[in-house]
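Peer 1: Following this message is one structure expressed as structure tokens.
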Amino acid sequence: MDRLLLTLTIIFVSLLAGYAVRQWVGSGRAPLSGQALSRIRLLIQKIAMFGLIPVSAMLSLWGLPSPDPRLLSLPALGLAAWVAGGALALALSRLMRLSPAKTGSLYCCGTFTNIGAVGTLVAVMYFGEQAIAMASLYRLCEEMFYFSVALPVARSFSEKPREGSSRRFRFDPVLAAIVSALALGLALNLGGVPRPDFFGLLSTAAMLTGTVCFLLSIGMGLRLSRMACYAKESAAVSLIKFVLVPVLITSLAMLAGLGGVEGGVPLKVVAILSAMPVAMNALIPPSLFDLDLDLANACWVFTTLELVVVLPVLILILPLL
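The sequence shown begins at 17 in my numbering and counts up one residue at a time.
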């Protein structure tokens, strides 16, 4: 229970702190302009994405004792989660008879998942440093899938396509940073290079700091307008994120034999990562391609707030796996 409260506190205090800064700047009482806040927000995100999170992943994978070959199924499970989430979102959009703009936004919400910040944080709080390496493997194909598959699919629902808008995302530096970090960590691990003991603590500290930075920057961009108008769509995304995808991906993880690896920790990490809320990145395609940005924002906020209920239920289920 203490770890649950600490996890929820880290998540929501970081988000609220960022939102408070946004409101302060918006009130005109802060010595910052809106443009300056945006630059600071982007800088914080870059520090987290290009520095702290990749370093944490590299150090964790370096120290992972004798990696089991079955852990190689983790990237495939992550990919299956994003494909399934997007497909289910499209199916529910058809059932609800949503417009193309709403369908495109709902697809983004079904696909884009908050693994790097919230998912990894929850896994580490319960399973320690080893969860960082497992989470990094799970999300290995994340950026590649988002920008090579999810973004073009979202763009196909745009009524006013913007020429060249997706071209900027074909090469993603976040993917390069993560892959480079994992490759270095794996090379050091397989090469038998001993990792200094204090690097384990450094890995956890880097991950926690990166998570706080990322959530703080998300709070700075939080928009709470018109959420009540999208209760039906938010409920549909919640069903996808917290029920359908977790059941499917956890079942596949069992079939892959992850329950027999390191006391079942990889299986439980997958269960956590597959049950995470909509990622902030889900707001990017709607803003680029004239989709329903308010819908995406509402689904992101609703699913993030639902962690207050989802995490306690998840913690009760994990011992049963």
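Even for Gly, the Cβ is constructed at its ideal location relative to N, Cα and C. Quantities reported herein were computed from a predicted structural model and do not represent experimental measurements.
Could you spell out the range, first to last residue, of the alpha helix (DSSP H) harbouring Arg38?
Peer 2: Unbroken alpha helix (DSSP H) run through Arg38: Asp18 to Gly42.
Peer 1: Between which two residues does the alpha helix (DSSP H) carrying Leu337 extend?
Peer 2: Run containing Leu337: none; DSSP gives neither H nor E here.
Peer 1: Look up Thr129 in the DSSP assignment and give the residues it is bridged to.
Peer 2: Paired residues: Val294.
Peer 1: Under 8 Å Cβ to Cβ from Arg184, same chain only, skipping five residues before and after it: list those, please.
Peer 2: Because Arg184 sits at a pLDDT of 46, beneath the cut-off of 50, its placement in the model cannot be relied upon, and the point is left open.
Peer 1: Return yes when the Cβ of Ala133 is within less than 8 Å of the Cβ of Val140, no when it is not.
Peer 2: Their beta carbons are not under 8 Å apart, which means Val140 does not touch Ala133 by this criterion.
Peer 1: Taking C-alpha atoms, which residue in Gly273, Leu232 and Thr266 lies nearest to Ala97?
Peer 2: Cα-wise, what sits closest to Ala97 is Thr266.
Peer 1: By how many angstroms is the C-alpha of Ser109 removed from the C-alpha of Val281?
Peer 2: Their Cα atoms are separated by approximately 35 Å.
Peer 1: Using 8 Å as the cut-off, can you tell me whether the region 151 to 160 makes contact with the region 115 to 126, which would need three or more C-beta pairs spanning the two stretches below that distance?
Peer 2: The region 151 to 160, when compared against the region 115 to 126, does not touch it at the 8 Å Cβ threshold.
Peer 1: Distance check for Gly208 and Pro301, CA to CA, integer angstroms please.
Peer 2: Between Pro301 and Gly208, the C-alpha separation is close to 43 Å.
Peer 1: Buried or exposed: which applies to Leu7, given that a residue is buried once 16 or more other Cβ atoms fall within 10 Å of its Cβ?
Peer 2: This structure cannot speak to residue 7, because the chain is shown only from 17 to 337.
Peer 1: How would you call Cys315, buried or exposed, if buried means at least 16 neighbouring beta carbons within 10 angstroms?
Peer 2: The residue is buried, with at least 16 neighbouring Cβ atoms inside 10 Å.
Peer 1: Judging by CA-CA distance, which residue of Ser30, Gly279 and Leu289 is the nearest neighbour of Pro91?
Peer 2: For the residues Ser30, Gly279 and Leu289, the minimum Cα distance to Pro91 belongs to Leu289.
Peer 1: For Leu337 and Tyr162, what's the separation of their Cα atoms in angstroms?
Peer 2: The straight-line gap from Cα to Cα measures roughly 29 Å.
Peer 1: Where do the N-terminal and C-terminal ends of the alpha helix (DSSP H) with Phe214 fall, by residue?
Peer 2: Unbroken alpha helix (DSSP H) run through Phe214: Phe214 to Met236.
Peer 1: Could you say which of Leu20, Asp18, Leu22 and Leu59 lies nearest to Ile234 if we only look at CA atoms?
Peer 2: Nearest option by C-alpha distance: Leu59.
Peer 1: Mind checking whether Thr127 and Gly102 have CB atoms under 8 Å apart?
Peer 2: Closer than 8 Å, so yes.
Peer 1: Whole-angstrom Cβ separation of Ala349 and Phe230, contact assumed at under 8 Å?
Peer 2: Limits of the chain in this structure are 17 at one end and 337 at the other, which puts residue 349 out of reach.
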